[in-house]
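These notes are about the structure you will find just below.
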Amino acid sequence: MKKVILKKSGERAVLSFSQWIYQNQIKKYPPNIQKGEAVEVYSPDGRFLGVGYFNPESKIPLRILSFFEKKSLEEIVKERIPTAIQHRKELNINSNGYRVIHSEGDFLSGLVVDYYDGYLSIQINTAGMERLREVILNTLIKHLSPKGIIDKSDEKVRQKEGLPTENKVIYGEIPDRVIIQEYGVKFAVHLKEGQKTGFFLDQRQNRKVVANYIKEGFKVLDLFSNAGGFGIHAGKKGASFVKFVDISTTAVSQIKENCKLNNITNYQIVEGDVFDFLKEEREKGERYNLIVIDPPSFAKTHREKEGGLRGFKYLILNSIKLLEKKGYIAVFSCSYHIQQEDLIKVSIEASKDTKTQLRITEFMYQDKDHPVLLNMPNTLYLKGLLLERV
Ligand SMILES: C[S@@+](CC[C@H](N)C(=O)[O-])C[C@H]1O[C@@H](n2cnc3c(N)ncnc32)[C@H](O)[C@@H]1O
-17 MKKVILKKSG
-7 ERAVLSFSQW
3 IYQNQIKKYP
13 PNIQKGEAVE
23 VYSPDGRFLG
33 VGYFNPESKI
43 PLRILSFFEK
53 KSLEEIVKER
63 IPTAIQHRKE
73 LNINSNGYRV
83 IHSEGDFLSG
93 LVVDYYDGYL
103 SIQINTAGME
113 RLREVILNTL
123 IKHLSPKGII
133 DKSDEKVRQK
143 EGLPTENKVI
153 YGEIPDRVII
163 QEYGVKFAVH
173 LKEGQKTGFF
183 LDQRQNRKVV
193 ANYIKEGFKV
203 LDLFSNAGGF
213 GIHAGKKGAS
223 FVKFVDISTT
233 AVSQIKENCK
243 LNNITNYQIV
253 EGDVFDFLKE
263 EREKGERYNL
273 IVIDPPSFAK
283 THREKEGGLR
293 GFKYLILNSI
303 KLLEKKGYIA
313 VFSCSYHIQQ
323 EDLIKVSIEA
333 SKDTKTQLRI
343 TEFMYQDKDH
353 PVLLNMPNTL
363 YLKGLLLERV
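In the working numbering, the protein residues as written are -17 to 372.
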């Protein structure tokens, strides 16, 4: 294996178990290194620190897969995949749809694998993982015996690594739809066309937590609803009416399909921009007992954080104006750069501006099959608050 030598700052990062090493933390790497090649990592004074893979074209050139132990990357993959599967078994997830491998969260930076009732949806997002494709697939097939595997690797992330994009069935067969259930609620997942790896599995527990606040006669507004996850759970818990809003035509047809699967009949779907919708809804004088705000990531980088917070303030403030007394707002951010304290701060501003008192009833996070590693802060990306109007 080729050798990469770190600066002192890089060594400190490895000693605190950071799996990501940046350009400015690297002292020296061989000039002829191949994109994604396996490397041994050393401190400035020659101490062995671990193994990983290297891509000089990437914003994160070095990703560590094993700390302080000399192993081949193939061996690491063969060990880590069954360990991750076993961890999911121990979590006792109440669903036949769950995340099997969560990149850094399972010590396999650059690899994401989701399980949908016997089928797998995978993302190989780095050049290093791409070189391990064969051993990854063979290990998944050995331990999970899937009926089919689809490659849904992320276009933007792969571009950053200088890789072409994949989106195709790579093993067995993938049906047009797979039905999963979570806590007794059914969802159709269209692996060939859905967003992300297929379904927003990370919100599973939060959909249940929020639905537990539904009382008889509640009117619910599900903003950025995607396939209707929150609204359909609410409908099953007895909400009298649900309005879904999403900008995507695919999402709209999935909401209809999922309402039908769950016998939800009293609903309306608005295909459009939530920001415009909120203004129009206020003018109409509509009111709701529970509003969910679950937008896509507003801040993919730290630089986008301020703009993202302005977006959140607008959404919370305008939702408060549509909220009945004793009503609830569930607000989520799926961006690492927007922390829970930031959501609290903008909620306080929206509360002051609307002269409305709010109580935090729940603090929410991604579900447990998306593990959070203490030493890798980016693994905690999804945060939410349930606010009650008091
Ligand atoms: C994080 S997903 C929501 C996941 C969903 N709550 C669930 O439980 O599965 C965000 C959704 O927002 C939609 N979206 C993005 N920008 C939008 C906009 N400006 N107005 C309405 N929907 C938007 C996307 O199409 C996507 O379905």
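All residues carry an ideal CB built from backbone N, CA and C; glycine is no exception.
As computed with DSSP, Arg371 is found in a beta bridge with Leu340.
With 5 Å as the limit, the residues whose C-beta approaches any heavy atom of ligand 1 more closely are Phe182, Gln185, Phe206, Asn208, Gly211, Asp228, Ile229, Ser230, Ala233, Asp255, Val256, Asp276, Pro278, in sequence along the chain.
Assigned with DSSP and collapsed to three states, Val354 falls in coil, not helix or strand. Below 8 Å, too few C-beta pairs join the stretch 178 to 197 and the stretch 145 to 157 to call them touching: fewer than three. Contact annotation, Leu272 with Phe169: C-beta distance approximately 20 Å; criterion of less than 8 Å not satisfied. Taken in chain order, the unbroken stretches of alpha helix (DSSP H) that lie wholly in the stretch -14 to 63 and span 4 residues or more are -10 to -3. With three or more CB-CB distances shorter than 8 Å, the stretch 40 to 49 counts as touching the stretch -1 to 17. When the beta-carbon positions are compared, Phe314 and Gln187 stay at least 9 Å from each other. Residue environment for Lys124: exposed (fewer than 16 other C-beta atoms within 10 angstroms of its C-beta).
Here Arg113 has Gly18 as same chain residues with Cβ atoms under 6 Å from its own Cβ, once five neighbours each way along the sequence are excluded. For Phe259, the enclosing alpha helix (DSSP H) starts and ends at 256 to 266. For Lys295, the CB contacts under 7 Å within the same chain, skipping 5 residues up- and downstream, are Val328, Glu331, Ala332 in chain order.
Taking the Cα positions, Ala216 is about 12 Å away from Ala312. Under the three-state reduction of DSSP, Met(-17) is assigned to coil, being neither helix nor strand.
In the structure shown, Phe182 falls within a coil segment according to DSSP collapsed to helix, strand and coil.
If you ignore the 5 residues before and after Gly(-8), its C-beta comes within less than 7 Å of the C-beta of Ile3, Gln7, Ile8, all in its own chain and listed in chain order. Cβ atoms of Ala233 and Ala209 come within 8 Å of each other, at about 6 Å. If you ignore the 5 residues before and after Ser85, its C-beta comes within less than 7 Å of the C-beta of Ser91, Gly92, Leu93, Val94, all in its own chain and listed in chain order. Counting C-beta atoms within 10 angstroms of its own C-beta, Tyr165 has fewer than 16 neighbours from the protein chains shown and is therefore classed as exposed.
Annotation: Cys316 to Pro278 spans about 7 Å, alpha carbon to alpha carbon. 9 Å or more divides the Cβ of Leu291 from the Cβ of Leu205. Just so you know, the alpha carbons of Ile196 and Ser222 end up roughly 10 Å apart. Looking at Phe50, Val354, Gly366, the one whose alpha-carbon comes closest to that of Asp324 is Gly366. In this structure, Val33 lies away from Tyr11, with their beta-carbon atoms at least 9 Å apart. Pairing Ile237 with Ile251, the inter-Cα distance amounts to about 8 Å.
At least 9 Å separates the beta-carbon of Asp351 from that of Val167.
Taking all protein chains shown into account, Arg341 has fewer than 16 neighbouring C-beta atoms within 10 Å of its C-beta and is therefore exposed.
Put simply, the backbone Cα of Arg70 is about 17 Å away from that of Thr361.
Secondary structure note for Ser103: its beta strand (DSSP E) is the uninterrupted segment 101 to 106. Rounded to whole angstroms, Lys(-10) and Val(-4) show a C-alpha spacing of 10 Å. Rounded to the nearest whole angstrom, the C-alpha separation of Glu288 and Tyr318 is 13 Å.
With a threshold of 16 other beta carbon atoms within 10 Å, Gln339 falls short and is exposed. Taking all protein chains in view, the Cβ of Val372 is surrounded by fewer than 16 other Cβ atoms within 10 Å, so the residue is classified as exposed.
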